[in-house]
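Asks: Got a structure here, written out as structure tokens. Questions coming.
Numbering (the working numbering), first residue to last: 229 to 758.
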């Protein structure tokens, strides 16, 4: 988790204190832990402390001006993460010895399986980081994109640390009723992570509510009408927009960025910057109109009419495409989406057409809130609310299968082949994570959150991409409508937000097995058609 874009930021201020201290006294969960369990915990604790010493969060969030200075640190971080198995080998040996002598201890096979799962989880980001560093280290980093480097390194560290803490807590205290409580007691940084994520989940609805107030079509229409007539708007007409920008800034400041995945942080920061540039110019022109006589203000507003309109359209495009549609009309929006204008980050604030191609702030924050709420486990929807969601609705076919032409059916089969050879290929990261999760669930009563999240992308691919193509080509491929209905139901069940441990054990296994068998059978069908 990110973990990520006066006075010094708070996370920089904490940087000199180093990693969270190892508790002087044993955390309560260790009171009844075996010698082997304590060895597992102490090894994990020392690994996390070394990771923070080598690559502290403040350094990943705020890389030095010369990125090459980071190369040795990032290389060492990659070595620590890749070497977890070797570091844990003595503790694993203690577990096996304890089992052989009949002493209570974490099962050696469980420890080995958990370590393999963590290794599998971080392989993608570890490969990306090594590619950024390159064998020559400094030379490759000098040309690296600063935000890309931050995103990869911070997400790798966050995913590894979260997985290690979750796995260690389960192995050391397998009978605990609440895994999160155990993790918080064993690892102080985990408690901080939970606190920040919960705070972000609580803050996002307030920001969304303010966005809806600020993106009031009546307000924007009134501003356009008055400025076109050369009339001043209310002195405080822009106050809701100013408040919204302040709330966005409060999400991004200091240590709060730790609650974001890095990519999400940069997405919010980019939109806040786009809003700030346009709103600042609007405020300046608006205040100037009130620093003049009414006659002088009319001349000034008419002379800046085009710029005022474009700035306002730009604010609308950043906030909510529906608002922009109400201002400029559906025809213009449709035309821009047919032939999108490339977005240039450094473009003049008056340019708004390129913004139409991006997800607006409202849509992005709504998706972010859903993800953060799931991570924080603050909301568990009632069973009645667990019907078909947005993702399921998105999987509805655009074409009636009965009306599909031969060319459309062939194109649908080609899309199925591409998915099974690409994102859902047997060796792809997404499908490997899916199969690993399926195996892990057969051995665990509680799954680390990061592993649960890793299985969702493959399920979403099946639901929103594979199924629509299969509905058009089902007859050709020998797939019945009943089977497709069952797979749709399994996808919906597997995408339930924040499932409880009981749901994971009772609900997930049959759906995972059905989805896995279906995809593998489909591979065989397509192989026979070659």
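Even for Gly, the Cβ is constructed at its ideal location relative to N, Cα and C.
#1: Report buried or exposed for residue 257, applying the criterion of at least 16 other Cβ atoms within 10 angstroms of its Cβ.
#2: Name the two residues that bound the continuous alpha helix (DSSP H) containing residue 401.
#3: Below 8 Å, how does it come out for the segment 380-390 and the segment 281-290: are there three or more Cβ pairs, yes or no?
#4: Using the Cβ count rule (16 or more neighbours within 10 Å means buried), how would you classify residue 591?
#5: What does a CB cutoff of less than 6 Å around residue 508 pick up in its chain, not counting 5 residues either side in sequence?
#6: Using DSSP with H/G/I as helix, E/B as strand and the rest coil, what is residue 314?
#7: Starting from the Cα of residue 490, find the closest Cα among 451, 374, 750 and give me that residue.
#8: With residue 708 as the anchor, note down where its alpha helix (DSSP H) starts and where it stops.
#9: Just checking, does the segment 314-326 make contact with the segment 270-283 on the three C-beta pairs under 8 Å criterion?
#10: Would you mind giving the Cβ-Cβ distance between residue 469 and residue 461, rounded to the nearest angstrom? I have them listed as a contact below 8 Å.
#11: Among 502, 359, 555, 510, which residue has its Cα nearest to the Cα of residue 453?
#12: Which same chain residues, not among the five before or five after residue 342, have their C-beta less than 8 Å away from its C-beta?
#13: Measure the beta-carbon distance from residue 475 to residue 435 and round it to whole angstroms, keeping in mind my assumption that it falls under 8 Å.
#14: Between the alpha carbons of residue 747 and residue 304, how many angstroms are there, rounded?
#15: Would you call the segment 496-507 and the segment 545-555 touching, i.e. three or more CB-CB distances under 8 Å?
#16: Would a C-beta distance cut-off of 7 Å place residue 760 and residue 551 closer than the cut-off?
#17: In this structure, how does DSSP classify residue 747 when only helix, strand and coil are distinguished?
#18: Count the other C-beta atoms from every protein chain shown that fall within 10 angstroms of the C-beta of residue 391, then say buried if there are 16 or more, exposed otherwise.
#19: Are there 16 or more other CB atoms within 10 angstroms of the CB of residue 607, so buried, or fewer, so exposed?
#20: Report the rounded CA-to-CA distance for residue 517 versus residue 466, giving the unit in angstroms.
#21: Reducing DSSP to helix, strand and coil, say where residue 416 ends up.
#22: Report buried or exposed for residue 361, applying the criterion of at least 16 other Cβ atoms within 10 angstroms of its Cβ.
#23: How many angstroms separate the CA atom of residue 600 from the CA atom of residue 486?
#24: What separation, rounded to the nearest whole angstrom, lies between the Cα atoms of residue 329 and residue 323?
#25: Do you know whose CA, among 596, 302, 266, lies nearest residue 488's CA?
#26: Nearest-angstrom Cα distance between residue 715 and residue 725?
#27: Alpha helix (DSSP H) containing residue 361: first to last residue?
#28: Give me the Cα-Cα distance between residue 707 and residue 698, rounded to the nearest whole angstrom.
#29: Give me the residue from 464, 425, 442 with the minimum Cα distance to residue 483.
#30: Starting from the Cα of residue 415, find the closest Cα among 553, 270, 665, 682 and give me that residue.
#31: Report the residue from 688, 701, 357, 310 whose alpha carbon sits nearest the alpha carbon of residue 348.
#32: Over the uninterrupted alpha helix (DSSP H) stretch that includes residue 446, give me the two end residues.
Replies: Based on what the coordinates show:
#1: Buried is the label assigned to residue 257, since at least 16 other Cβ atoms lie within 10 Å of its Cβ.
#2: That residue, residue 401, is in no alpha helix (DSSP H); it is neither H nor E in DSSP.
#3: Under the Cβ criterion (8 Å, minimum of three pairs), the segment 380-390 counts as touching the segment 281-290.
#4: Taking a 10 Å sphere around the C-beta of residue 591, we find fewer than 16 other C-beta atoms and assign the residue as exposed.
#5: For residue 508, where only same-chain residues beyond five positions count, there are no Cβ hits under 6 Å.
#6: Correct three-state label for residue 314: helix.
#7: Selected option, being the one with the closest Cα: 374.
#8: That residue, residue 708, is in no alpha helix (DSSP H); it is neither H nor E in DSSP.
#9: Remark: three or more beta-carbon pairs, one from each stretch, lie closer than 8 Å, so the segment 314-326 and the segment 270-283 are flagged as touching.
#10: A Cβ-Cβ distance of about 12 Å is found for the pair residue 469 and residue 461, leaving them out of contact under the 8 Å criterion.
#11: Nearest neighbour of residue 453 by Cα position, chosen from 502, 359, 555, 510, turns out to be 555.
#12: For residue 342, where only same-chain residues beyond five positions count, the Cβ hits under 8 Å are 395, 398, 399.
#13: Contact holds; Cβ gap of about 5 Å.
#14: The alpha-carbon atoms of residue 747 and residue 304 are separated by roughly 39 Å.
#15: Result yes; three or more Cβ-Cβ pairs closer than 8 Å.
#16: The chain is shown from 229 up to 758; residue 760 falls before or after that span and cannot be answered.
#17: Helix at residue 747.
#18: Classification for residue 391: buried.
#19: Only weak support exists for where residue 607 lies, its pLDDT of 34 falling under 50; the value from the coordinates is given anyway. Burial call: exposed.
#20: Those two C-alpha atoms are separated by around 13 Å.
#21: For residue 416, the secondary structure class from DSSP, reduced to helix, strand or coil, is helix.
#22: Around the beta carbon of residue 361, a 10 Å sphere encloses 16 or more other beta carbons of the protein chains shown; the residue is thus reported as buried.
#23: A direct Cα-Cα distance of roughly 12 Å separates residue 600 from residue 486.
#24: In this structure, the alpha-carbon of residue 329 lies about 10 Å from that of residue 323.
#25: Ranking 596, 302, 266 by Cα distance to residue 488 puts 596 first.
#26: Linking residue 715 to residue 725 through their CA atoms gives a straight-line distance of about 18 Å.
#27: Element bounds for residue 361: 336-361.
#28: If you take the alpha carbons of residue 707 and residue 698, they lie about 8 Å apart.
#29: Measuring from the Cα of residue 483, the nearest candidate turns out to be 425.
#30: Nearest of 553, 270, 665, 682 to residue 415, Cα basis: 270.
#31: Residue 310 holds the alpha-carbon nearest to the alpha-carbon of residue 348 among 688, 701, 357, 310.
#32: Counting along the chain, residue 446 sits inside the alpha helix (DSSP H) bounded by residues 445-456.
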